[in-house]
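Asks:
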Amino acid sequence: MASAQFDVGFRHLRGSNFVDRSTLLTARQRILAVAASAQGEPVVGGMAAAILLGSAWYDDDFSIELVRRTTGSGRPAKGTITHRFDIDPADWCVVDGVRVTTPLRTAFDIGRMQPAWRALGYLDALAKATDLDTRTLARYADAQRRRRHVRQIRELAPLVDARAESPPESWVRLLMFRSELPTPDLQIAVPNPSEKPFARIDLGYEALKIGVEYDGEDFHSSPEQRARDEERDARLREQGWIMIRVDRHRLRDEPFGIVVEIVTAMKARGAY
Numbered sequence: 000m001a002s003a004q005f006d007v008g009f010r011h012l013r014g015s016n017f018v019d020r021s022t023l024l025t026a027r028q029r030i031l032a033v034a035a036s037a038q039g040e041p042v043v044g045g046m047a048a049a050i051l052l053g054s055a056w057y058d059d060d061f062s063i064e065l066v067r068r069t070t071g072s073g074r075p076a077k078g079t080i081t082h083r084f085d086i087d088p089a090d091w092c093v094v095d096g097v098r099v100t101t102p103l104r105t106a107f108d109i110g111r112m113q114p115a116w117r118a119l120g121y122l123d124a125l126a127k128a129t130d131l132d133t134r135t136l137a138r139y140a141d142a143q144r145r146r147r148h149v150r151q152i153r154e155l156a157p158l159v160d161a162r163a164e165s166p167p168e169s170w171v172r173l174l175m176f177r178s179e180l181p182t183p184d185l186q187i188a189v190p191n192p193s194e195k196p197f198a199r200i201d202l203g204y205e206a207l208k209i210g211v212e213y214d215g216e217d218f219h220s221s222p223e224q225r226a227r228d229e230e231r232d233a234r235l236r237e238q239g240w241i242m243i244r245v246d247r248h249r250l251r252d253e254p255f256g257i258v259v260e261i262v263t264a265m266k267a268r269g270a271y
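The numbering of the sequence shown is numbering that gives the first Met the number 0, which starts it at 0 and goes up by one.
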């Protein structure tokens, strides 16, 4: 009976660490608690490292990756993934008392995650949170030619942009790049007649007055928000803007249709 009551009252984190089930842990708190209780001073890597380095975008079901030396034993705890290899001391730093892969090494790891569009979203978010230098990342990747999916990170490194404000914006940008469209402008501020910006467009071509907006369900699904979007788009059209709206259904089911719409708008403005 006592054991059953304990299971009801507490949640297992790792090893001998338990937390009251009424406690709500943030992603960062959970990672720190698990890493601090792990034996042998492992290095936190992958998405967990990106979160500790300040990245604001991640999936709720992320796993905590722990890098351990090649020697040692023990099974990984639930919700963690253990990698065994000797990591270069230059590839880790200390965050809140826990060893964490550096922004450069973290970028190399998350940039090889599949699929590529998701990896670019992670990379943009990490670049926004850190001083990640994409040219250094490209050189680092070139020195790791035998690693799995290294070709992907070599493709993505030049595309990383800290100005992206959500992963879906990054996904649209990758779609445009792979469709051989010109590199779009990001976070385009549009002024009203008094020269004060009244709108900021996710991405597009400012010179052509073509805007591309991603409508996330969190911020664009309510009737009130849709009405505000329509009013804003009407003002943009009055200034000559062509607005192209993308949501997750279009991005998933008809990406080619998005490209065709952008190309059609470009041709309408005399650009090819």
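We put the CB at the ideal spot given by N, CA and C, even for glycine.
At the level of alpha carbons, what is the spacing between Arg98 and Gln28?
Replies: Looking at the two C-alpha atoms, the distance is approximately 15 Å.
Asks: With a Cβ-Cβ cutoff of 8 Å, do Ser62 and Ile80 count as a contact?
Replies: In this structure, Ile80 lies closer than 8 Å to Ser62 by Cβ.
Asks: Does the Cβ-Cβ distance between Arg169 and Asp132 come in under 8 Å?
Replies: Correcting the residue type first, residue 169 is Ser in the shown sequence and not Arg. The answer is no: Cβ separation not under 8 Å.
Asks: With DSSP run on the structure shown, which of helix, strand or coil describes Glu229?
Replies: In this structure, Glu229 counts as helix in the three-state DSSP scheme.
Asks: Under the assumption that Gly203 contacts Asp184 (Cβ atoms under 8 Å), give the Cβ distance between them as a whole number of angstroms.
Replies: The Cβ separation is near 6 Å, so the contact holds.
Asks: Bridge partners for Tyr213 per DSSP, in chain order?
Replies: Paired residue(s): Val245.
Asks: Spatial neighbours of Ser54 within its chain, please: CB distance less than 6 Å, with the 5 preceding and 5 following residues excluded, ordered by chain position.
Replies: These residues qualify, in order along the chain: Ala124, Leu125 and Ala128.
Asks: If we count Cβ pairs, one from each stretch, closer than 8 Å, do we get three or more for the stretch 141 to 150 versus the stretch 188 to 197?
Replies: Counting Cβ pairs under 8 Å, fewer than three are found: no touch.
Asks: Do Gln113 and His148 have their beta-carbon atoms positioned less than 8 Å apart in this structure?
Replies: Yes, Cβ-Cβ distance for His148 and Gln113 is below 8 Å.
Asks: Kindly list the residues whose CB is nearer than 8 Å to the CB of Ala89, restricted to its own chain and excluding five residues on each side of it in sequence; keep chain order.
Replies: For Ala89, where only same-chain residues beyond five positions count, the Cβ hits under 8 Å are Thr101.
Asks: Does the distance from the C-beta atom of Leu65 to that of Ala37 stay below 8 Å?
Replies: Yes, Cβ-Cβ distance for Leu65 and Ala37 is below 8 Å.
Asks: Using 8 Å as the threshold, is the C-beta distance between Val245 and Val171 below it?
Replies: Yes, they are a contact pair.
Asks: Taking Ile261 as part of the beta strand (DSSP E), name the residues at either end of that continuous run.
Replies: No beta strand (DSSP E) contains Ile261, which is instead part of the alpha helix (DSSP H) from Pro254 to Ala267.
Asks: Report back the beta-carbon spacing between Gly239 and Lys208 to the nearest angstrom; my notes put them in contact at under 8 Å.
Replies: Confirmed, Cβ separation roughly 5 Å.
Asks: Determine the direct distance from the alpha carbon of Leu173 to that of Leu155, and round the result to whole angstroms.
Replies: Whole-angstrom Cα-Cα distance: 9 Å.
Asks: Can you give me the Cβ contacts of Cys92 inside the same chain, cut-off strictly under 7 Å, excluding the 5 residues immediately before and after it?
Replies: Closer than 7 Å at Cβ, skipping near neighbours: Val99 and Thr101.
Asks: Look up Thr101 in the DSSP assignment and give the residues it is bridged to.
Replies: DSSP lists no partner for Thr101.
Asks: Closer than 6 Å by C-beta to Ile86: which residues in its own chain qualify, once you throw out the five before and the five after it? Chain order, please.
Replies: Excluding residues within five positions, the ones whose Cβ falls inside 6 Å are Val42 and Val66.
Asks: Just the C-alpha distance for Ala47 and Arg234, rounded to the nearest angstrom, thanks.
Replies: Approximately 42 Å, taken between the alpha carbons.
Asks: Here's a check: name, in chain order, each residue in its chain whose Cβ is nearer than 7 Å to the Cβ of Tyr139, leaving out the five neighbours to either side.
Replies: Excluding sequence neighbours, Tyr139 sits near Leu103 and Phe107.
Asks: Who pairs with Gly203 in a beta bridge, going by DSSP?
Replies: In DSSP, Gly203 forms a bridge with Asp184 and Gly210.
Asks: Ordered along the chain, which non-local residues of its own chain (more than five positions away) have a Cβ less than 7 Å from that of Gly215?
Replies: Same-chain partners within the cutoff: Ser165 and Pro167.
Asks: With Glu194 as the anchor, note down where its beta strand (DSSP E) starts and where it stops.
Replies: It is not in any beta strand (DSSP E) - Glu194 carries neither H nor E in the DSSP assignment.
Asks: If we ignore side chains and look at the alpha-carbon of each, how far apart do Asp130 and Ile261 end up?
Replies: Their Cα atoms are separated by approximately 32 Å.
Asks: Can you list, in chain order, the residues of its chain whose CB lies under 8 Å from that of Gln186, leaving out five sequence neighbours each side?
Replies: So the qualifying residues of the chain are Arg162, Glu164, Arg199, Ile200, Asp201 and Leu202.
Asks: Which class does Leu155 belong to by DSSP, given the choice of helix, strand or coil?
Replies: In this structure, Leu155 counts as helix in the three-state DSSP scheme.
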